[in-house]
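First residue of the sequence shown? That's 1478 in our numbering, and the numbers climb one at a time after it. One structure is given below, encoded as structure tokens.
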Amino acid sequence: MDTLEDVAREVCACTDCPLHQSRTNAVPGEGPADAEVLFIGEGPGYQEDRQGRPFVGPAGGFLEDLLQSIGMTRDQVYIANMVKCRPPDNRDPAPGEIAACSKYLERQIELIAPRLIVTLGRFSTGRFLPGQTISRVRGRLRSVDGRQIFPIMHPAAGLRRQEMRVAIEEDFAKLAGLLDVLRLQADPASEPAGIPEPHGLEPHHISDTAAGYEPASQTATPAPSFWDVPPAAPPPAPAEPPSIEPPAPDEPLPGQLPLL
Ligand code: URA
Ligand code: SF4
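Below is the structure:
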């Protein structure tokens, strides 16, 4: 049977795109095989290339702080990237490189089968929501081909721009509650994790800013009406199908944050 170790071994030997020529180490990804949450970044940076591990540079430090703010640690989650080898000078990965590398991420998603996929930045968000801007879709849960997707801006953007840091922190603050709701839906007997309210956000802010759930096509299961579900409530009654917004046209919104 295919395992995450098989994927990692193949990644480390891969020469399927030009990025293999300049890499020091490939960065397959890391975390428990049964992780509840899969984070998908863009590609390794300088530190990641040196160490062969994802998110171990400055953006990784911020990601760890964000996880800590919701009572989690990096060894509880799986962390992967769109491309497994560093683009030289941290340039954007090219479409052909992403295409060549996608087979590894697909296998990782299948093997981990996470409850929630958090896409970090526009490249991994584009894998699930092509044609959408990250500033439009961030901070809202989507169901795409049966996977629950929660896009967030890339932590590296938060290190450069204060307003992006705030946006990322806001979206992270939603994550803990979101996970509780998804757990409850999967197992109505489960207890909320009881994670303390993340500082800086009152509960009513969370529900006020949560724009809701937008199922995309091919959703296998009824879409959860999260945010409506009280964390400690008994199993929710069979939900009304939530209102389905048509895919938003990719146009700038007033006050839209600049793209990462
Ligand atoms: N940025 C990414 O997108 N991935 C990493 O692994 C590190 C920084
Ligand atoms: Fe292979 Fe992906 Fe590395 Fe390209 S980036 S060489 S496809 S592992």
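Using N, Cα and C, we set each Cβ at its ideal position, and we do this for glycine too.
| Asked | Found |
| --- | --- |
| Three-state secondary structure (DSSP) at T1596? | strand |
| Go through its chain and collect everything with a Cβ distance to G1573's Cβ below 8 Å, but skip five positions before and after it. | C1494 |
| Using three-state DSSP, classify G1538 as helix, strand or coil. | helix |
| Measure how close the beta-carbons of V1514 and E1525 come, nearest whole angstrom, since I'm counting them as under 8 Å. | The Cβ separation is near 19 Å, so there is no contact. |
| Look at P1505 and K1561 and say whether their C-beta atoms are less than 8 Å apart. | yes |
| Could you check if G1538 belongs to the surroundings of ligand 1, using beta carbon to heavy atom distance under 7 Å? | no |
| Which residue or residues does DSSP assign as beta-bridge partners of P1628? | T1596 |
| Using CA atoms only, rank isn't needed, just tell me which of E1640, P1665, I1594, G1635 is closest to G1537. | G1635 |
| Run through DSSP, which three-state label would A1644 get? | helix |
| Closer than 8 Å is the cut-off here; do at least three beta carbon pairs connect the region 1538–1549 with the region 1609–1624? | no |
| Indicate whether F1627 and L1618 have their beta-carbon atoms separated by less than 8 Å. | yes |
| Which whole-angstrom value describes the C-beta separation of D1648 and G1616, a residue pair presumed to lie in contact below a C-beta threshold of 8 Å? | 4 Å |
| Does the beta-carbon of P1673 have 16 or more other beta-carbons within 10 angstroms, so that it is buried, or is it exposed? | Note that P1673 scores a pLDDT of 49, beneath 50, so its modelled location is shaky and nothing firm can be said. |
| Can you find a heavy atom of ligand 1 that lies under 7 Å from the Cβ of P1564? | no |
| Under a Cβ-count criterion, where at least 16 other Cβ atoms within 10 Å of its own Cβ denotes burial, should R1500 be classed as buried or exposed? | buried |
| Is it buried or exposed for Q1498, if we count other Cβ within 10 angstroms and need 16 for buried? | exposed |
| Given the structure, does N1502 come close to ligand 1, in the sense that its CB is under 7 Å from one of the ligand's heavy atoms? | no |
| Please report the Cβ distance between L1644 and D1657, rounded to the nearest whole angstrom; I am assuming they are in contact, meaning their Cβ atoms lie under 8 Å. | Here the sequence assigns Ala to residue 1644, which means Leu is not the residue at that position. Actually they are not in contact, since the Cβ atoms of A1644 and D1657 sit about 22 Å apart, beyond 8 Å. |
| From the DSSP output, in three-state form, read off N1567 for me. | helix |
| In three-state terms, what does DSSP make of G1518? | strand |
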